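Worksheet: the structure to be examined is printed underneath.
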Amino acid sequence: MDGGYILGGGSNSNISGDKTENSLGLSDYWIIKTDDTGNILFQNTIGGSDADNNTSIQETLDGGFICAGLSISNISGDKTENCLGSSDFWILKIDSLGSIQWQNTIGGNGNHDPVSIFQTNDGGFMVWWLFSVKYIR
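Its first residue numbered 25, the sequence shown is counted upward by one per residue in the working numbering.
Encoded structure:
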């Protein structure tokens, strides 16, 4: 909405180059907000003590951002809920300055890998994901 860009992905790097925060675990969400000319406005390394990887980020109606990715971290670092299976969705809502507003870990006994997340017109969120389980009834 402001003409800038939001970038989301994963990183296992400590402070170096343009990265200003150390890694929290094996890998973390790395969220970068730039202005319309590419100058970094903020960046956040968000994660737990294990592997967390952001796969989707979208601007929300309130000017913040919704992030979805994979997590195998239990409660540690920024993570406030334990992993429920082999890998789970880890959904974060951050404000326009990059601070976490809320988070949710969603999963079961298999692998749950979010591919994309977007906000619906009614203010809710839809997630597209891949999953595997031992059996389906």
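Where is the CB? At the ideal position from N, CA and C, for every residue including glycine.
None of these values were measured; they are calculated from a predicted model.
Less than 8 Å between the C-beta atoms of residue i and residue j, yes or no?
{"i": "S120", "j": "G71", "result": "no"}
{"i": "C107", "j": "T84", "result": "no"}
{"i": "G134", "j": "G109", "result": "yes"}
According to DSSP, which residues form a beta bridge with residue i?
{"i": "G32", "result": "I55"}
{"i": "E83", "result": "F89"}
{"i": "D112", "result": "S95"}
How should residue i be labelled, buried or exposed, when 16 other C-beta atoms within 10 angstroms of its C-beta is the threshold for buried?
{"i": "S35", "result": "buried"}
{"i": "D53", "result": "The sequence as given places Tyr at residue 53; Asp does not occur at that position. Answer is buried; the Cβ neighbour count reaches 16."}
{"i": "L31", "result": "exposed"}
{"i": "D102", "result": "buried"}
Excluding five sequence neighbours on each side, which residues of the same chain lie with their C-beta closer than 8 Å to the C-beta of residue i?
{"i": "N38", "result": "N46 and S47"}
Take residue i and list the residues in its own chain whose beta-carbon comes closer than 6 Å to its own, dropping the five residues that flank it on each side.
{"i": "Y29", "result": "T58"}
Going along the chain, which residues of its own chain have a beta-carbon closer than 7 Å to the beta-carbon of residue i, five neighbours each way excluded?
{"i": "D112", "result": "S95, T129, I130, G131 and H136"}
Taking one C-beta from the region 61–80 and one from the region 138–149 each time, how about it: are there three or more such pairs within less than 8 Å? They touch, by the three-pair rule.
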